[in-house]
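What follows is a set of notes on a single structure, which appears directly below.
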Amino acid sequence: MGDQSRSLSGLNVLVTGAASGMGRATAEIFANEGAKVAVTDFSREGAEAVAESIRKTGGQAKAWRLDVSDKNEIASVVDAMVAEFGGIDALINNAGISGFVPIDDPKYDEVWDRLVPVLLTAQQRMIRAVLPHLRKSKSPRIVNIASTEALGATAMDSVYAAAKAGVTGLTRALAVELGREGITVNCICPGPIATGMTEAIPDEAKQKYAKRRTAMGRYGRPEEVAHITVSLCMPAASYITGVTIPVDGGLMARNA
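Each residue of the sequence shown is one higher than the one before, counting from 2 in the working numbering.
Here you go:
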């Protein structure tokens with residue numbers, strides 16, 4: 002079987018947007034599997050709370066405040082993580098925000114300028130910052146979090162959809178560019194997931210949408226996305242790269 006291990010023990014993992022939702026679930030599952038986790042988030046308090054929770058259950062984690070739209074903060078946090086952990090084996094580009102706006106709204110440019118730096122530009126900056134360290138890893142992994150909005154869009158969500166489609170393109174291109182170095186680059190597209198980003202939607206509306214649109218008839222849980230993300234970072238997942246995986250309860254499979 003060679004080095005095709007399913008163990009994550011001892012790997013150093015950086016997760017952005019890890020204070021809540023899918024990011025928190027991802028950080029916790031990595032830690033449960035023995036990885037050392039850099040818990041980063043725009044909210045310092047949120048990141049520290051997650052890291053402390055992980056440590057209380059026997060895991061290894063340290064928190065950093067990170068605004069992914071600030072390239073100087075990215076460089077600083079990456080340097081600090083390497084100094085603390087000794088390297089980086091996996092990057093999970095999870096941080097995200099949302100914003101609905103009609104194409105002819107006077108505030109469209111404002112929403113674009115707020116979302117795109119976080120949803121798309123930050124992902125390439127994070128990758129470029131960690132790349133020298135991934136090149137030293139025996140099991141280098143990049144997982145970019147996009148959305149099913151990149152695959153089938155919603156009205157008044159064109160900024161978010163465009164940015165997330167950019168993530169899928171970035172994933173494919175970098176998988177080709179970095180493949181000969183053994184660095185895998187994959188993308189997860191979550192569908193309707195019960196997170197802070199969707200909690201403002203009334204429960205009745207969620208249930209109606211899920212029953213109408215998904216094969217499973219329900220919203221997903223953050224950990225159901227996180228487990229797929231974690232699986233892509235196993236040493237054994239060394240021949241999976243350049244793919245976009247919907248984790249959507251069958252939303253993209255359903256015609257009616």
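Just so you know, even glycine gets a beta-carbon here, dropped at the ideal spot from N, CA and C. On a predicted model such as this, the values are computed, not experimentally measured, just so you know.
**Study point:** Residue ranges of each beta strand (DSSP E) within the segment 69-156, 3 or longer
**Key:** 91-94, 142-146
Practice item. Look up Asn256 in the DSSP assignment and give the residues it is bridged to. Key: Reading the sequence shown from its first residue, position 255 is the one you call residue 256. For Asn256, which the question treats as bridged, DSSP gives no partner whatsoever.
Check your understanding: Would DSSP call Leu15 helix, strand or coil?
Key -> Taking the sequence shown and counting its residues from 1, one reaches residue 15 at position 14. Looking at Leu15 - three-state DSSP - the assignment turns out to be strand.
Point to revise | Buried or exposed by the 16-neighbour rule on C-beta atoms within 10 Å, applied to Ala28 | key: By one-based count along the sequence shown, residue 28 stands at place 27. It counts as buried.
Point to revise | Validate contact between the segment 141-151 and the segment 181-200 using beta carbons, cut 8 Å, 3 pairs | key: yes
Review point. Quick one: what does DSSP say Gln61 is sitting in, helix, strand or coil?
Key: Mapped onto the sequence shown, residue 61 falls at position 60. Reduced to three states, the DSSP call for Gln61 is strand.
Practice item. Inspect the beta-carbon positions of Leu179 and Val168 and report whether they are closer than 8 Å. Key: Reading the sequence shown from its first residue, position 178 is the one you call residue 179. Reading the sequence shown from its first residue, position 167 is the one you call residue 168. No, the pair does not count as a contact, with Cβ atoms beyond the cut-off.
Check your understanding: Would Thr155 be called buried (16 or more neighbouring beta carbons within 10 Å of its own) or exposed?
Key -> Mapped onto the sequence shown, residue 155 falls at position 154. With fewer than 16 Cβ atoms within 10 Å of its Cβ, Thr155 is classed as exposed.
Check your understanding: How big is the Cα-Cα spacing for Gly87 and Leu135?
Key -> Looking up residue 87 in the sequence shown gives position 86. Looking up residue 135 in the sequence shown gives position 134. For Gly87 and Leu135, the distance between alpha carbons rounds to 12 Å.
Exercise for review: Could you work out which residue in Val144, Gly35, Asp249 is closest to Val131 when comparing CA atoms only?
Suggested key: Reading the sequence shown from its first residue, position 130 is the one you call residue 131. Ranking the options by Cα distance to Val131, first place goes to Val144.
Exercise for review: Return the CA-CA distance between Pro103 and Ala162, expressed in angstroms with no decimal places.
Suggested key: In the sequence shown, residue 103 corresponds to position 102, counting from 1. In the sequence shown, residue 162 corresponds to position 161, counting from 1. Those two C-alpha atoms are separated by around 13 Å.
Exercise for review: Identify, in the order they occur along the chain, each residue of the same chain with its Cβ nearer than 8 Å to the Cβ of Ala254, setting aside the five sequence neighbours on each side.
Suggested key: Residue mapping note: residue 254 aligns to position 253 of the sequence shown, counting from 1. Only Ala216 meet the Cβ criterion.
Practice item. Quick one: residues in its chain with C-beta nearer than 7 Å to the C-beta of Ser159, no 5 flanking neighbours on either side, listed in chain order? Key: Indexing the sequence shown from 1 puts residue 159 at position 158. For Ser159, where only same-chain residues beyond five positions count, the Cβ hits under 7 Å are Ile104.
Point to revise | Ile194 (DSSP reduced to helix, strand or coil) | key: Residue mapping note: residue 194 aligns to position 193 of the sequence shown, counting from 1. Of the three classes helix, strand and coil, the one that applies to Ile194 here is strand, per DSSP.
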